[in-house]
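Undergrad: Sequential numbering of the sequence shown, starting at 475, is according to this note's numbering. Before I ask anything, here is the structure I am working with.
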Amino acid sequence: MSSPKHPTRIAIIGAGVIGLLLAQGLQKHGYTVTIYEKQPDITSNVPEWTMILHWAWPVISRMLPDDLLSDIHTAFGDPFYGYDIPFYNAVTGKLMVKIPAECRRMSRTRMRGLCLRGLDVRWGVGVGGMEVVGEDEPVRVYLGNEGQQQTEEADVVIGADGPGSFVRRWLFGGRRDVADAKNSTVAIANGLVRYDNEKLAERLREGSRVCLVATMPGRTFVSAVPWDGRKGRVTLAGNAAHALLPARGQGLSRVLTNVDSLLSLFIDVKDSKLGLKDVIGRYDQELFRRGRKAALGSLEDAKDFMRTEGFETGLRERQRRGSRGLRMNDNV
């Protein structure tokens, strides 16, 4: 059994992009990493989309070994296209400003496929429970696979299992999430309307009543609550820790900033500069601070997109502050 003062066995729950990247970084620095994913394989129940990468390019190079880094272009949406980010006035269609940003769009599916190389991923294995027996004992992870229960052990468990995270619920004592991020529904209309159609015209006239939303009383709002990391044994990463509104597409870069911090702390453990409890505790505090600021900032960005007055001025001011554009001040 490994001593928790010098962990070698790390269990990551969830084989998404962040879980796989973190596993590559930890394995690159000598840790034994096992990933548990409830889906039966990489192609199961996974919608495809692209992700934009802003300021976090250096993180990718620190995470991936050289052989994978040399093939990173295979995950790009277009390996030959680097672009600035245009912002348009939604009312007039006018180009308000174009911000230079050394961005790349990456295919989520292809990025996962690249990051799978050389990793120990247990597919079709969902986590049914966990237990921390004592400070000098490993974390027990109870797995369910087609009706069969098995127990694995790890020195550290990292939940990277998305917004509906089992690990997060476990850290909070099994309490149900106040906001249901998994089953929420958003309806989007394409705006194509025939005004000579009487039924559609009636719906337009009644739209103001249909779209009324009651203001919730203050007691329904929930303040951020730090989780109990079980004395440095269990933590969260990615959307399991905090999800963001998709304003400016910064989610991937922000999450990579978090896991880069976690990897750096684990390297210090390997070099005997830190103890395990110090690593997770310090990471959690940084994550709480950055996550809160990022979530509030993303909300303000989303509000800005909904109004034209002052938005163009703000964009131009951000551009004026330096040629780094969107990368400048976003790494918080």
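For glycine and all other residues, C-beta sits at the position ideal for the given N, C-alpha and C.
1. Counting Cβ pairs closer than 8 Å, one from the segment 527 to 544 and one from the segment 508 to 516, do we hit at least three?
2. Starting from the Cα of Val708, find the closest Cα among Trp523, Gly636, Leu773 and Asp758 and give me that residue.
3. Out of Arg704, Ala711, Gly618 and Phe554, point me to the one whose CA is closest to Leu494's CA.
4. Is Leu748 helix, strand or coil when you go by DSSP?
5. Relative to the alpha-carbon of Trp701, which residue among Asn713, Leu645, Asp635 and Val565 has its alpha-carbon at the smallest distance?
6. Cβ-heavy atom distance between Asn732 and the ligand SAM below 7 Å?
7. Sorted by chain position, which residues of the same chain lie with C-beta nearer than 7 Å to Ala634's C-beta, five sequence neighbours on each side aside?
8. Alpha carbon to alpha carbon, how far is Leu542 from Asp594? Give it in angstroms, no decimals.
9. By DSSP's criteria, Gly432 is part of a beta bridge. Which residues make up the other side?
10. Are the Cβ atoms of Leu500 and Met580 separated by less than 8 Å?
11. Applying the 10 Å Cβ sphere with the 16-neighbour rule, what's the burial state of Pro691?
12. Check each candidate in Val631, Leu736, Gly602 and Thr731 and name the one with the smallest Cα separation from Tyr616.
13. Taking the runs of the beta strand (DSSP E) that are 3 residues or longer, which of them lie wholly in the segment 520 to 555?
14. Is Leu429 helix, strand or coil when you go by DSSP?
15. With distance defined between alpha-carbon atoms, name the residue in Val630, His503, Gly567 and Ser518 nearest to Met537.
16. Over what stretch of residues does the alpha helix (DSSP H) that includes Ile492 continue unbroken?
17. Does the separation of the CB atoms of Lys751 and Gly706 fall below 8 Å?
18. Taking the Cβ atom as the reference point for each residue, do Val729 and Leu739 lie within a distance shorter than 8 Å?
19. Rank Gln624, Ala717 and Gln622 by C-alpha distance to the C-alpha of Arg766 and give the top, closest one.
20. Return the first residue and the last residue of the alpha helix (DSSP H) that Gly587 is part of.
21. Considering Arg704, what are the terminal residues of the alpha helix (DSSP H) in which it resides?
22. What first and last residue would you give for the beta strand (DSSP E) that runs through Val630?
23. How close, in whole Å, do the beta carbons of Asp558 and Lys572 come, if the pair is a contact with beta carbons under 8 Å?
TA: On the basis of the data shown:
1. The segment 527 to 544 makes no contact with the segment 508 to 516: fewer than 3 CB pairs, one atom from each, lie closer than 8 Å.
2. Checked all of Trp523, Gly636, Leu773 and Asp758; the closest Cα to Val708 is Asp758.
3. Each of Arg704, Ala711, Gly618 and Phe554 was checked against the Cα of Leu494, and the nearest Cα belongs to Ala711.
4. Secondary structure of Leu748 (DSSP, three-state): coil.
5. Nearest Cα to Trp701 within the set Asn713, Leu645, Asp635 and Val565: Leu645.
6. Inclusion of the ligand SAM in the displayed structure is not the case, the ligand content being empty and no account of it being possible.
7. Within its own chain, the residues whose Cβ lies closer than 7 Å to the Cβ of Ala634, once the five positions on either side in sequence are excluded, are Ile486, Ile487, Gly488, Gly490, Ile492, Gly493, Leu496, Ala711, Gly712 and Ala714, listed in chain order.
8. Using only the alpha carbons, I get a separation of about 16 Å.
9. What the structure shows of the chain is the stretch from 475 to 806, and residue 432 is not part of that stretch, so it cannot be assessed.
10. Their beta carbons are not under 8 Å apart, which means Leu500 does not touch Met580 by this criterion.
11. Residue placement at Pro691 cannot be trusted, given a pLDDT of 49 that sits under 50; what the coordinates show is reported in the next sentence. The residue is exposed, with fewer than 16 neighbouring Cβ atoms inside 10 Å.
12. Among Val631, Leu736, Gly602 and Thr731, the Cα nearest to that of Tyr616 is on Gly602.
13. Listed in chain order, they are 524 to 527.
14. Within the shown structure, residues of the chain are numbered from 475 to 806, placing residue 429 beyond reach of any answer.
15. Here the closest residue by C-alpha is His503.
16. It spans Val491 to Lys502 - the alpha helix (DSSP H) in which Ile492 sits, taken as one unbroken run.
17. The beta carbons of Lys751 and Gly706 sit closer together than 8 Å.
18. No, the Cβ-Cβ distance between Val729 and Leu739 is not below 8 Å.
19. Minimum Cα distance to Arg766 is reached at Ala717.
20. Segment Arg582 to Cys589, the alpha helix (DSSP H) holding Gly587.
21. For Arg704, there is no enclosing alpha helix (DSSP H), since its DSSP letter is neither H nor E.
22. Per DSSP, Val630 belongs to the beta strand (DSSP E) from Val630 to Gly633.
23. Yes, Asp558 and Lys572 are in contact; Cβ-Cβ is about 5 Å, under 8 Å.
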